[in-house]
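Participant: Here it is: the structure, laid out below.
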Amino acid sequence: NAGVMQNPRHLVRRRGQEARLRCSPMKGHSHVYWYRQLPEEGLKFMVYLQKENIIDESGMPKERFSAEFPKEGPSILRIQQVVRGDSAAYFCASSNTESNEQFFGPGTRLTVL
Amino acid sequence: ILNVEQSPQSLHVQEGDSTNFTCSFPSSNFYALHWYRWETAKSPEALFVMTLNGDEKKKGRISATLNTKEGYSYLYIKGSQPEDSATYLCAFNAGGSYIPTFGRGTSLIVHP
Chain Y
1 NAGVMQNPRH LVRRRGQEAR LRCSPMKGHS HVYWYRQLPE EGLKFMVYLQ
51 KENIIDESGM PKERFSAEFP KEGPSILRIQ QVVRGDSAAY FCASSNTESN
101 EQFFGPGTRL TVL
Chain W
1001 ILNVEQSPQS LHVQEGDSTN FTCSFPSSNF YALHWYRWET AKSPEALFVM
1051 TLNGDEKKKG RISATLNTKE GYSYLYIKGS QPEDSATYLC AFNAGGSYIP
1101 TFGRGTSLIV HP
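Chains as they are written, first to last, in the working numbering: chain Y, 1 to 113; chain W, 1001 to 1112.
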């Protein structure tokens, strides 16, 4: 029973490029959450999705960031035209419909040069 | 903005010591309180989910208590071992929300 999977684990981008981060939830989980951990800070909520729906994106920056969770395939967090301030660890978590206990993936560490 | 505070920020103890740390959260509109253990270079691992005032949970040498009326939870580690070294995070859910607010964690280092 695989846990939450994220890839890539490390991603290096130059300023202005696009970053795509993938998250495959645990089997049977239909709720996905994305968090960002900036250096020296805690986990900050970004967006909560269910299959084909964005439920809450109150933590997402208004520009350049988007997320999706299609009917088939992983959830994608997309950052366009990355800037140095986007460098952070991005964690995905999933839960099932009956519990709000979240299970975390190993994270993607994004470095913007 | 919900305020979830953890103290102390970091803690160094000797192997065999017992220790505890605190998570403070809003005392109104409580729904759930979570504790996670987060080892360096790994993902946060759920320890406890607590929902009722007075709840006490235990897993091995680690236990937690919950006081929703005054807005705090304690995490206790009995007889700390070097492998307990990690950051311990708490997360607060308000009013049935699926969105937790995380504290910044307590970093525990257990010296052999």
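Where a beta carbon is used, it is the ideal one built from N, C-alpha and C, also for glycine.
For asparagine 7/Y, tell me which candidate among Leu113/Y, Cys92/Y and Glu52/Y has the shortest Cα-Cα distance.
Facilitator: With distances taken between Cα atoms, asparagine 7/Y lies closest to Cys92/Y.
Participant: Indicate whether the contact test is met: 3 or more Cβ pairs, each with one atom in the region 1008–1016 of chain W and one in the region 1048–1063 of chain W, closer than 8 Å.
Facilitator: The answer is no - the region 1048–1063 of chain W does not touch the region 1008–1016 of chain W, with fewer than three Cβ pairs under 8 Å.
Participant: Taking 8 Å as the cut-off, does the region 1027–1042 of chain W touch the region 1087–1101 of chain W (at least 3 CB pairs, one atom from each stretch)?
Facilitator: As far as the Cβ criterion goes, the region 1087–1101 of chain W touches the region 1027–1042 of chain W, which means the pair count is three or higher.
Participant: What is the DSSP secondary structure of glutamate 68/Y, reduced to helix, strand or coil?
Facilitator: If DSSP states are grouped into helix, strand and coil, glutamate 68/Y belongs with the strands.
Participant: Checking contacts by CB at 7 Å: is serine 1063/W closer than that to chain Y?
Facilitator: False, the Cβ-Cβ gap to chain Y never drops below 7 Å.
Participant: Among Thr108/Y, Ser87/Y and Glu101/Y, which residue has its Cα nearest to the Cα of proline 39/Y?
Facilitator: Checked all of Thr108/Y, Ser87/Y and Glu101/Y; the closest Cα to proline 39/Y is Ser87/Y.
Participant: Tell me whether glutamate 1056/W sits in a helix, a strand or coil according to DSSP, three-state version.
Facilitator: Correct three-state label for glutamate 1056/W: strand.
Participant: Go ahead and pull the three-state DSSP assignment for arginine 36/Y.
Facilitator: Strand, per DSSP.
Participant: Name the residues in the region 50–68 of chain Y whose C-beta lies less than 7 Å from a C-beta of chain W; which are they?
Facilitator: Those would be Asp56, in chain order.
Participant: According to a CB-to-CB cut-off of less than 9 Å, which residues of the region 1034–1059 of chain W neighbour chain Y?
Facilitator: Answer set for the region 1034–1059 of chain W: His1034, Tyr1036, Trp1038, Ala1041, Lys1042, Ser1043, Pro1044, Glu1045, Ala1046 and Val1049.
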